[in-house]
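Quick note: the sequence shown, position 156, residue 156 per our numbering, numbers continuous. Glycine residues also receive a C-beta, built at the ideal position from the N, C-alpha and C atoms. Before any comments, here is the structure.
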Amino acid sequence: MGAESSYQDLITFRSNTPQYFPEATAEEWSQTKWQLKNRVQTLEQIEKHLILADEERAGILLTGTKLATAINPHYFNLIEADNPGCPLRRQVIPRIEETLEDPLEMADPCGEDSHMPVPGLVHRYPDRVLFLVTDRCASYCRYCTRSRVVSGVSEQKLEMQWEKAFEYLENTPQVRDVLLSGGDPLLLSDSRLEKLLTRLSSIPHIQFLRIGSRIPNFLPQRITPELCQMLSKFHPLYLSVHFNHPRELTLENKEALERLANHGIPMGNQSVLLKGVNDSIEIQRALLHKLLMCRVRPYYLYQCDLIQGSSHLRTSIAEGLEIMEGLRGHTTGYAIPQYVIDAPGGGGKVPINPDYIVERTSEKVTIRNYEGKIFTYPEPQPTKASSISL
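Now the structure itself:
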């Protein structure tokens with residue numbers, strides 16, 4: 001009974017009433033500019049509302065050299081005040097563990113810097129590129145794989161040369177797919193984003209565009225009817241969103257996602273498996289079901305990258321496989337993402353699946369299903385013409 005009650009609670013959409021910001025009017029709360037102007041950034045601002053653990057307080061004091069602290073009111077409002085283990089809190093509040101040095105961790109775990117033919121454009125796969133168009137986000141995730149360049153406080157800066165990127169794309173006909181990321185592209189103004197999409201769409205061999213954004217999570221106020229109408233002019237356009245926990249999907253987030261879907265924009269969710277956030281079958285199942293209710297298809301579940309200072313957030317791959325085992329066969333296939341590891345150093349995404357093949361020979365494949373039952377599928381065998389009756 002308790003588990004069912006917990007599931008029902010997790011998949012319920014609630015309005016995000018501004019408990020920590022009672023002075024905000026309804027009009028202010030709904031404005032993107034107000035949300036960005038009033039981001040929570042300092043220890044004093046955070047302690048005004050949250051009871052911090054020692055590890056958090058020390059982490060906040062040391063922030064500003066690796067990755068800035070900035071949490072917009074919509075997301076900050078969802079954090080539990082007296083629970084250091086709050087899954088949303090763990091994603092955006094710094095901890096002292098971020099300063100731990102692990103020789104296995106990397107500043108650039110996906111090897112993007114070594115695959116840039118021009119600044120800001122990553123060409124790692126044959127037919128698609130990653131176009132980094134900004135270094136700013138509405139809020140900063142503590143496990144950010146681009147913390148070396150995002151937020152503007154680290155020594156390395158994100159260099160962007162849009163004209164050179166356009167020229168490279170125009171002269172590289174094998175590229176058919178461009179993914180805009182950063183930072184968060186949806187922080188660009190409607191007019192600037194429209195100019196960018198227009199220029200990319202004018203390149204004949206580019207077949208479709210994608211945008212990777214956590215704005216529908218952090219800042220649903222940004223998903224205005226005007227933005228959706230503008231984006232709908234560039235079909236086929238796909239949006240990769242980023243939700244890690246079912247509590248992130250409030251009524252306001254649901255309405256923002258529905259606006260996008262109603263304008264014909266297909267959405268896939270890319271989440272990261274994080275310790276203390278979503279590393280359980282129960283949380284994952286609730287998240288995936290809730291996403292489908294918002295018309296978002298679960299796409300990828302990432303093993304956390306080997307980003308520096310992320311060891312306290314990483315789970316084992318065995319735990320990830322156990323979660324995938326607990327999903328397959330126990331929910332609709334539409335709800336099951338592909339579990340992947342972005343191979344350290346720039347090897348690209350590698351799918352990781354539980355082993356359902358028990359034995360394979362030239363004559364048959366022995367497989368098991370989600371219940372552990374064993375089945376045999378015969379392999380096709382050569383047929384002699386002489387054995388066929390005409």
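Cβ-based burial, residue i [other Cβ within 10 Å; buried from 16]
{"i": "Ala68", "result": "buried"}
{"i": "Leu130", "result": "buried"}
{"i": "Gly372", "result": "exposed"}
{"i": "Glu98", "result": "buried"}
{"i": "Lys48", "result": "exposed"}
{"i": "Ala343", "result": "exposed"}
{"i": "Asn262", "result": "exposed"}
{"i": "Val149", "result": "buried"}
{"i": "Ser139", "result": "buried"}
{"i": "Pro382", "result": "exposed"}
{"i": "Ala256", "result": "buried"}
{"i": "Arg134", "result": "Note that residue 134 is Thr in the sequence shown, not Arg. Buried."}
Residue span of the alpha helix (DSSP H) that contains residue i, given as start and end
{"i": "His74", "result": "73-76"}
{"i": "Arg259", "result": "251-262"}
{"i": "Lys233", "result": "Note, Lys233: premise wrong, no alpha helix (DSSP H); not H, not E."}
{"i": "Tyr140", "result": "Taken as a continuous stretch (DSSP letters only), Tyr140 belongs to no alpha helix (DSSP H), as it is neither H nor E."}
{"i": "Glu28", "result": "26-29"}
{"i": "Arg90", "result": "89-92"}
{"i": "Arg14", "result": "Per DSSP, Arg14 belongs to no alpha helix (DSSP H) and is neither H nor E."}
{"i": "Pro216", "result": "215-218"}
{"i": "Tyr370", "result": "From DSSP, Tyr370 is part of no alpha helix (DSSP H); its letter is neither H nor E."}
{"i": "Arg57", "result": "54-62"}
Distance, residue j Cα to residue i Cα
{"i": "Trp34", "j": "Pro94", "result": "23 Å"}
{"i": "Leu186", "j": "Val118", "result": "22 Å"}
{"i": "Met1", "j": "Leu196", "result": "A caution first: Met1 carries a pLDDT of 45, below 50, which makes its placement in the model too unreliable to give a value."}
{"i": "Gly345", "j": "Arg124", "result": "11 Å"}
{"i": "Arg146", "j": "Leu132", "result": "10 Å"}
{"i": "Ser240", "j": "Ile265", "result": "10 Å"}
{"i": "Ser311", "j": "Thr42", "result": "24 Å"}
{"i": "Lys364", "j": "Lys233", "result": "50 Å"}
{"i": "Leu288", "j": "Leu274", "result": "15 Å"}
{"i": "Leu219", "j": "Thr366", "result": "48 Å"}
{"i": "Thr32", "j": "Arg297", "result": "26 Å"}
{"i": "His205", "j": "Glu170", "result": "8 Å"}
{"i": "Pro84", "j": "Ile51", "result": "8 Å"}
{"i": "Gln303", "j": "Arg136", "result": "23 Å"}
{"i": "Met293", "j": "Asp9", "result": "15 Å"}
{"i": "Asn278", "j": "Val340", "result": "16 Å"}
{"i": "Phe166", "j": "Val178", "result": "11 Å"}
{"i": "Ala26", "j": "Leu193", "result": "27 Å"}
{"i": "Ala24", "j": "Arg285", "result": "34 Å"}
{"i": "Met267", "j": "Tyr377", "result": "35 Å"}
{"i": "Pro216", "j": "Tyr299", "result": "16 Å"}
{"i": "Gly59", "j": "Ile357", "result": "45 Å"}
{"i": "Arg57", "j": "Ser271", "result": "27 Å"}
{"i": "Glu252", "j": "Lys290", "result": "13 Å"}
{"i": "Thr172", "j": "Asn353", "result": "34 Å"}
{"i": "Ser201", "j": "Pro126", "result": "19 Å"}
{"i": "Glu159", "j": "Tyr370", "result": "48 Å"}
{"i": "Leu327", "j": "Gly320", "result": "11 Å"}
Segment limits, beta strand (DSSP E) that includes residue i
{"i": "Lys391", "result": "For the chain, the structure presents residues 1 to 390; residue 391 sits outside this window and is missing."}
{"i": "Arg210", "result": "208-212"}
{"i": "Gly348", "result": "348-351"}
Residues sharing a beta bridge with residue i, DSSP
{"i": "Thr364", "result": "Note that residue 364 is Lys in the sequence shown, not Thr. Answer by DSSP bridge pairing, in chain order: Pro378."}
{"i": "Asn269", "result": "Val241, Pro298"}
{"i": "Leu100", "result": "Beta-bridge pairing links Leu100 to no other residue."}
{"i": "Leu121", "result": "Val118, Phe131"}
{"i": "Arg328", "result": "Thr331"}
{"i": "Val149", "result": "Its beta-bridge partners do not exist; DSSP assigns none."}
{"i": "Ile307", "result": "Met106"}
{"i": "Glu40", "result": "One detail in the question is off: residue 40 reads as Val in this sequence, not Glu. Per DSSP, Ile71."}
Where residue i falls: helix, strand or coil (DSSP)
{"i": "Glu359", "result": "strand"}
{"i": "Ala343", "result": "strand"}
{"i": "Val277", "result": "coil"}
{"i": "Met106", "result": "strand"}
{"i": "Leu179", "result": "strand"}
{"i": "Ile46", "result": "helix"}
{"i": "Ile317", "result": "helix"}
{"i": "Gln338", "result": "strand"}
{"i": "Met293", "result": "helix"}
{"i": "Tyr20", "result": "coil"}
{"i": "Thr383", "result": "coil"}
{"i": "Asp9", "result": "helix"}
{"i": "His205", "result": "coil"}
{"i": "Asp184", "result": "coil"}
{"i": "Gln161", "result": "coil"}
{"i": "Glu393", "result": "As shown, the chain starts at 1 and ends at 390. That puts residue 393 outside it, with no answer to give."}
{"i": "Thr32", "result": "helix"}
{"i": "Ser173", "result": "Note that residue 173 is Pro in the sequence shown, not Ser. Coil."}
Any non-hydrogen atom of the ligand NAP within 8 Å of residue i CB
{"i": "Glu55", "result": "Absence of the ligand NAP from the depicted structure is noted, as is the absence of any ligand whatsoever, leaving it without description."}
Residue i at chain D interface by Cβ criterion, 9 Å
{"i": "Leu291", "result": "Judged by its chain identifiers, the structure shown contains no chain D, having just a single protein chain."}
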